[in-house]
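Data first, discussion second: the structure below is written as structure tokens.
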Amino acid sequence: MNIKRILVSQPKPASDKSPYYNLEKNFDVSVEFRPFIKVEGLSGKEFRQQKINIADYTAVIFTARTAIDHYFRLAKELRFEVPETMKYFCISEVVARYLQTYIVYRKRKIFFSENGKAEGLIPLIEKHKNEKYLYPVADVHDSKLNLEEHNLPNTKAVMYRTVSNPFPKDEEFNYDIIALFTPSGVKSLLQSFPDFNQKENGKLLACMGQKTIEEVKNSGLTLDITTSPEYPSMAAAIAHYLEGVRKEEEKAARKAARLEKKQAEADKKK
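Now the structure itself:
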């Protein structure tokens, strides 16, 4: 299998140290980046239809920087002045530090999971059970926090949505591996290319996340590459697959060389 071009359906990494660039160095492939989806904020009018008054809440839960952007955007549009007493509970320190874009960073009101995972945030929320929690999310989301399981009341507020970022009709689409990360990304691919024929065109799909994998299968597509405990990132999973392809090609080359040598020896005997 001659794999030369890989499409990663995410924005181009800001750092040149991204593991995707190692694929180019180690396997002589070209990696290109192009988001299949884009984020679009709900208007104040749309948000009001949820009948949620953000002024009623004393704490906010953030699992992504995007959620922070849209919380403060909507607060401004709704003319709600976020009080200094507001408490913020973030999935990681990276997300927590991003709050500095909008507020003065004070440790007494900003809490974050030390390990960057949901289980590290739950105990912090449990210590502040008396707060009234607002949890900004996207229209389609895979919640990282199961607060209900821990009897922690919260209100999920849809503040933004993911929409398709379609390919122009005349754009060439000659990639060998397509990396998908969300169910919306799978839908966007099929919206841009309704006649997409994976088998006929010999394209491989690399996906991660249970819901994304389910969307691939439900769409009649085939999953070729995915993550695992041993290869937890998309880049690592693709590298593992390419290494397997390379070994098979080397094995086939050695077999061909042996057969050629054997044939040459047989010709000499004649």
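Each residue of the sequence shown is one higher than the one before, counting from 71 in this note's numbering.
C-beta: ideal position from N, C-alpha, C; glycine also.
These numbers come from a predicted model, not from an experiment.
Hey, how far is the Cα of residue i from the Cα of residue j?
| i | j | result |
| --- | --- | --- |
| proline 299 | alanine 334 | 47 angstroms |
| isoleucine 308 | glutamate 102 | 14 angstroms |
| leucine 260 | glutamine 268 | 11 angstroms |
| aspartate 240 | glutamate 110 | 25 angstroms |
| serine 162 | glycine 255 | 25 angstroms |
| lysine 281 | arginine 118 | 29 angstroms |
| tyrosine 203 | glutamate 313 | 47 angstroms |
| proline 153 | aspartate 86 | 39 angstroms |
| lysine 257 | lysine 108 | 13 angstroms |
| methionine 229 | leucine 275 | 31 angstroms |
| alanine 145 | isoleucine 124 | 8 angstroms |
| threonine 252 | glycine 279 | 7 angstroms |
| alanine 323 | cysteine 277 | 30 angstroms |
| glutamate 270 | leucine 291 | 12 angstroms |
| valine 164 | serine 234 | 27 angstroms |
| alanine 134 | lysine 121 | 23 angstroms |
| threonine 155 | arginine 176 | 11 angstroms |
| arginine 104 | proline 83 | 11 angstroms |
| threonine 296 | serine 303 | 9 angstroms |
What does a CB cutoff of less than 8 angstroms around residue i pick up in its chain, not counting 5 residues either side in sequence?
| i | result |
| --- | --- |
| asparagine 72 | Asp246 |
Which one of the options has the shortest CA to CA distance from residue i?
| i | options | result |
| --- | --- | --- |
| glycine 272 | Ile107, Ala188, Asn288 and Asp294 | Asp294 |
| isoleucine 195 | Thr232, Thr128, Lys146 and Tyr91 | Thr128 |
| aspartate 126 | Lys199, Asn96, Ala249 and Thr225 | Thr225 |
| phenylalanine 159 | Glu147, Glu151 and Pro193 | Pro193 |
| threonine 232 | Arg176, His220 and Ala137 | Ala137 |
Excluding the 5 residues preceding and the 5 following residue i in the sequence, name in chain order all residues of the same chain whose CB lies nearer than 7 angstroms to its CB.
| i | result |
| --- | --- |
| glutamate 94 | Ser100 and Val101 |
| tyrosine 301 | Ala307 and His310 |
For residue i, which residues of its own chain have a beta-carbon under 6 angstroms away from its beta-carbon, when the five flanking residues on both sides are left out?
| i | result |
| --- | --- |
| arginine 178 | none |
| leucine 215 | Ala188 |
| arginine 75 | Ser100, Tyr245 and Asp246 |
| tyrosine 172 | Phe142 |
| alanine 305 | Pro89 and Tyr90 |
| tyrosine 168 | Arg135 and Ile138 |
| leucine 217 | Asn224 |
Can you look up residue i in the DSSP assignment and give me helix, strand or coil?
| i | result |
| --- | --- |
| phenylalanine 266 | coil |
| tyrosine 230 | strand |
| leucine 293 | coil |
| valine 99 | coil |
| proline 193 | helix |
| lysine 108 | strand |
| phenylalanine 159 | strand |
| leucine 148 | coil |
| arginine 75 | strand |
| isoleucine 131 | strand |
| tyrosine 301 | coil |
| phenylalanine 181 | strand |
| asparagine 92 | helix |
| leucine 259 | helix |
| threonine 252 | coil |
If we cut at 8 angstroms on Cβ distances, does residue i have a partner in chain D?
| i | result |
| --- | --- |
| lysine 108 | Chain labels in this structure do not include chain D; a single protein chain is all it has. |
Practice task
Please confirm if the region 200-207 is in contact with the region 182-191, defined as three or more CB-CB distances below 8 angstroms between the two stretches.
Solution key: At 8 angstroms Cβ cutoff, the stretches do not touch.
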